[in-house]
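A.B. asks: In the UniProt record's numbering, the protein residues as written are 1 to 608.
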Amino acid sequence: MELKFDPKNPKYQYITEDSEIENSLEKLEKESIIAIDLESTGFDPYTSKVLLIQLGTPEISYIFDARVLHLKENERFKALMENPKTIKLMQNGKFDYGFLKYHFGIEIANIFDVMLAEGILTAGLKGSMGLISLRNLVSQYLETDLEKETRKTFENYTGKITEQQLIYSALDTLMLFPIFEQQVEKLKNEQLVNIAKLEFAVTRVVAEMELRGIFINVSRWRDIIASLKEKRNKYAYDFQESIRQYYATNGIDLFGNSVDAININSQVQLMDLFNNRLGLDVPSTGDNILATIEHPVAKILRDYRGYEKLISAFGESLLEKVNKVTGRLHPDFIQLGAATGRFSCQNPNLQQIPRNSEEAPFRECFIPAPGYKLVVTDYSSMEMRILADVSGDQKLIQAVNDSDVHSFTAALMFNKEYSADFKKKYPDLRQAAKIINFGLMYGMGPGSLARQIGVTPEVGKEYLDKYFKIFPHVRSFLDTVAKNAVSKGWSKTPAGRKRWYNIPDKSEPDYNRRISQIQREAKNHPIQGTNADVTKYALVFMKDRLKKEGVDGFVTHTVHDEVVCEVREDQAQDWSLLQQEEMIRAGELIIKKVPVKSEPFVGDVWEH
DNA sequence: AGAGGTGGTG
DNA sequence: CATGCACCACCTCT
């Protein structure tokens, strides 16, 4: 590919005088597409400084020294960044958006993010998930090596910006244009333009979500952990006491301190205990296995694990992530973290905080700032509605229209009268139907279905047959998706989001296994992926609506089919209805054959 | 450092 | 024959 710049000697203008700003802006304002990048002393906007802001054309990069220039007061600078008519090429724009919003009050508009574009174009393929580096894009699209070592020099810069740093900074904007041009063509060819637009709109919401963060009641959190530790320690002690007899130790060391027989957390040592010393024969030490074992040690271990899990995964380590400046948690939401289009979440992962329970009401520790409320909306049985919608199965559409899908399914399958109290009358039948309903969306087969419900494989197959006899279009839809995924190498959601598959060669030894894997993934993709599409539209709609209505509120969190906003107390109740409205509007963009439902909750803790 | 096991969420 | 989707964190062990 022909480049419009010399990678060894890129053109740039380093601007260190306020008087030079206007001149560069004038040039940039003439462009319909500019590239933006930013160099900072770190990754956290609250504790890091902005050093350089690069705004580029295809030929030249204007490097603004943010330390010495008065950019915050420059309305023209801000207007350019916020101009919705100018496309802003960025790499992981969420990062720069957050810094510019916090340090300069700038809200970049009309982003084209090459990282997200690549994620959309390669969803599901190995190495495409999550964060894709500019270096990789440059290597792939421009067959050039982009030196990235210089970035580290910004973290402990000594004052003077070096020529090497300027070259590095300039390349980061110049490289974006030729990548952009090729990606646009690909997006058009794959009919992924609308999905790209959605992701680019979402990235501003995500940036603000991360910037705002989530308030957490630290002392309450510590109290929960402390009480869990007490219980865990008791079970840890009981465990050591009950297994000591199987080991050549009296449990006391030379100094009179008690010493453990084995490391209770070691899977290897536990296997030795169960299989060599207790005379059992366990394939693993997972909870599903331990649950079937009569031995008292298994019971103690299960109890211990229940507490240990919560303490290790959600204990003090989470509190360490509280931001020193804001006192809030600012997790990373990875916009294309999942192959299906869902978000993933890290540092900490607030999408896996346990549901509230008596002993560990973790979610109750997530609270609004003083003077605010949390407004929570989630979609009700969204994936079932999606399955009904995409399959077009009249019976399933009818089932989700009724108040309880699983009961209705059970009634049809087991020839019972459907009634409002079905759940009470036939809890087992409902549970079986629920497992089938969910299992199907994951491509489950008769074997594991039978195992889940606790029936023989033959009965499991009967159930499946019965199910598909009632919902024939569900079967045909899933089969078609699976077949097409293998023949075409991709599947897509109604909104157009694609997921690709590496189809193995027939000569591969595990060909059948891998094809089955792809078929299951493909059956799930339109369902999980549509859920992601809908929630992402909802996020964009909500942010826009908050602004339009002048509500003092922020999107703070999302968990796949749920959105949490933090809204000023006196506005929260009214806003909750608008939040519900936007959730439903987003759903109805894509889901046409069944109603979309979402109830709003206003409260002082995160639960619903 | 990375893999495997275990278990938390939707 | 064995085959339930999508993630991330923590632990141990090599």
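For glycine and all other residues, C-beta sits at the position ideal for the given N, C-alpha and C.
Rank Gln573, Asp561, Ser576 and Val567 by C-alpha distance to the C-alpha of valine 596 and give the top, closest one.
C.D. replies: Of Gln573, Asp561, Ser576 and Val567, the residue nearest in Cα terms is Asp561.
A.B. asks: Looking only at DSSP bridge pairs, what is arginine 328 linked to?
C.D. replies: Answer by DSSP bridge pairing, in chain order: Phe215.
A.B. asks: Which same chain residues end up closer than 7 Å to tyrosine 426 when comparing Cβ atoms and leaving out the 5 residues on each side of it in sequence?
C.D. replies: Ala410 and Lys416, listed in sequence order.
A.B. asks: Give the single residue among Ile293, Glu107, Tyr141 and Asp574 whose Cα lies nearest to the Cα of glutamate 185.
C.D. replies: Ranking Ile293, Glu107, Tyr141 and Asp574 by Cα distance to glutamate 185 puts Tyr141 first.
A.B. asks: Between glycine 496 and leucine 192, which are expected to be in contact by the criterion C-beta below 8 Å, what is the C-beta distance as a whole number of angstroms?
C.D. replies: Yes, glycine 496 and leucine 192 are in contact; Cβ-Cβ is about 6 Å, under 8 Å.
A.B. asks: Can you pull the DSSP bridge partners for lysine 492?
C.D. replies: DSSP output for lysine 492 lists Lys498 as bridge partner(s).
A.B. asks: Going along the chain, which residues of its own chain have a beta-carbon closer than 7 Å to the beta-carbon of phenylalanine 408, five neighbours each way excluded?
C.D. replies: Once the five neighbours on either side are set aside, the close Cβ partners of phenylalanine 408 are Ala399, Asp402 and Tyr418.
A.B. asks: Excluding the 5 residues preceding and the 5 following aspartate 281 in the sequence, name in chain order all residues of the same chain whose CB lies nearer than 7 Å to its CB.
C.D. replies: So the qualifying residues of the chain are Asn275.
A.B. asks: How should lysine 469 be labelled, buried or exposed, when 16 other C-beta atoms within 10 angstroms of its C-beta is the threshold for buried?
C.D. replies: It is exposed - the Cβ of lysine 469 has fewer than 16 other Cβ atoms within 10 Å.
A.B. asks: Looking at the secondary structure, which residues open and close the alpha helix (DSSP H) in which aspartate 574 lies?
C.D. replies: Its alpha helix (DSSP H) spans residues 569–590.
A.B. asks: Alpha carbon to alpha carbon, how far is arginine 342 from alanine 532?
C.D. replies: Straight-line Cα distance between these residues: approximately 5 Å.
A.B. asks: According to DSSP, which residues form a beta bridge with leucine 89?
C.D. replies: Leucine 89 pairs with Ala35 and Phe112.
A.B. asks: Just to confirm, are tyrosine 379 and serine 598 a CB contact at a threshold of 8 Å?
C.D. replies: Their beta carbons are under 8 Å apart, which means tyrosine 379 touches serine 598 by this criterion.
A.B. asks: Can you tell me whether DSSP reads threonine 16 as helix, strand or coil?
C.D. replies: Coil, per DSSP.
A.B. asks: Given this structure, state the Cα-to-Cα distance separating serine 133 from glycine 93, to the nearest angstrom.
C.D. replies: When rounded, the distance between both Cα atoms is 12 Å.
A.B. asks: Excluding sequence positions up to five away, which residues of its chain have a Cβ less than 7 Å from the Cβ of tyrosine 511?
C.D. replies: Cβ within range, chain order: Pro504.
A.B. asks: From the DSSP secondary-structure annotation, give me the bridge partner or partners of cysteine 565.
C.D. replies: Cysteine 565 is bridged to Val375 and Val555.
A.B. asks: Is leucine 440 near the ligand SAM - that is, is its Cβ less than 7 Å away from at least one heavy atom of it?
C.D. replies: No copy of the ligand SAM appears in this structure; indeed no ligand is present at all.
A.B. asks: Report the option in Arg302, Lys324, Gly327 and Ile353 whose CA atom is closest to the CA atom of alanine 313.
C.D. replies: If we check each option's Cα against that of alanine 313, Ile353 comes out closest.
A.B. asks: Could you tell me the boundaries of the beta strand (DSSP E) in which leucine 52 lies?
C.D. replies: That run of the beta strand (DSSP E) goes 50–56.
A.B. asks: From phenylalanine 177 to asparagine 437, what does the alpha carbon distance come to, in whole angstroms?
C.D. replies: Distance between the alpha carbons of phenylalanine 177 and asparagine 437: 47 Å.
A.B. asks: Please report the Cβ distance between glutamate 199 and isoleucine 108, rounded to the nearest whole angstrom; I am assuming they are in contact, meaning their Cβ atoms lie under 8 Å.
C.D. replies: Not quite, the Cβ-Cβ distance comes to about 15 Å (not below 8 Å), so this is no contact.
A.B. asks: Using C-beta distances below 6 Å, list every residue in its chain close to isoleucine 293, excluding the 5 sequence neighbours before and after it, in chain order.
C.D. replies: No residues qualify anywhere along the chain.
A.B. asks: Look at the alpha carbon of valine 563 and the alpha carbon of glutamate 26, and state the distance between them as a whole number of angstroms.
C.D. replies: Those two C-alpha atoms are separated by around 41 Å.
A.B. asks: What is the residue span of the alpha helix (DSSP H) that glycine 460 lies within?
C.D. replies: 457–470 is the span of the alpha helix (DSSP H), which, as asked, contains glycine 460.
A.B. asks: Output yes or no for whether 8 Å exceeds the beta carbon distance between isoleucine 216 and phenylalanine 414.
C.D. replies: No, the Cβ-Cβ distance between isoleucine 216 and phenylalanine 414 is not below 8 Å.
A.B. asks: Identify the continuous alpha helix (DSSP H) that holds proline 446 and give its terminal residues.
C.D. replies: 446–453 is the extent of the alpha helix (DSSP H) around proline 446.
A.B. asks: Taking the straight line between their C-alpha atoms, what separation do you get for isoleucine 453 and phenylalanine 471?
C.D. replies: Each residue's Cα considered, the two are about 20 Å apart.
A.B. asks: Could you pull the start and end residues of the alpha helix (DSSP H) that glutamine 145 belongs to?
C.D. replies: The residue asked about is misnamed: residue 145 is aspartate in this sequence, not glutamine. Segment: none, aspartate 145 is in no alpha helix (DSSP H) and carries neither H nor E.
A.B. asks: Tell me which residues share the same chain as isoleucine 60 and place their Cβ nearer than 7 Å to its Cβ, disregarding the 5 neighbours each side in the sequence.
C.D. replies: Result list for isoleucine 60: Lys11, Tyr12 and Gln13, in chain order.
A.B. asks: Which runs of the beta strand (DSSP E) spanning at least 3 residues fall entirely within the stretch 311–355, listed in chain order?
C.D. replies: Complete beta strand (DSSP E) runs here, min 3: 332–334 and 344–346.
A.B. asks: Do you know offhand how far arginine 135's Cα is from glutamate 149's?
C.D. replies: Roughly 11 Å between the two C-alpha positions.
A.B. asks: Measuring only the C-alpha atoms, how far is asparagine 263 from leucine 301?
C.D. replies: Looking at the two C-alpha atoms, the distance is approximately 12 Å.
A.B. asks: Kindly indicate the opening and closing residues of the beta strand (DSSP E) around proline 600.
C.D. replies: Element bounds for proline 600: 598–603.
A.B. asks: Where do the N-terminal and C-terminal ends of the beta strand (DSSP E) with phenylalanine 64 fall, by residue?
C.D. replies: Taken as a continuous stretch (DSSP letters only), the beta strand (DSSP E) holding phenylalanine 64 covers 60–65.
A.B. asks: Would phenylalanine 333 and valine 206 qualify as a contact pair, given that the criterion is a beta-carbon distance under 8 Å?
C.D. replies: In this structure, valine 206 lies closer than 8 Å to phenylalanine 333 by Cβ.
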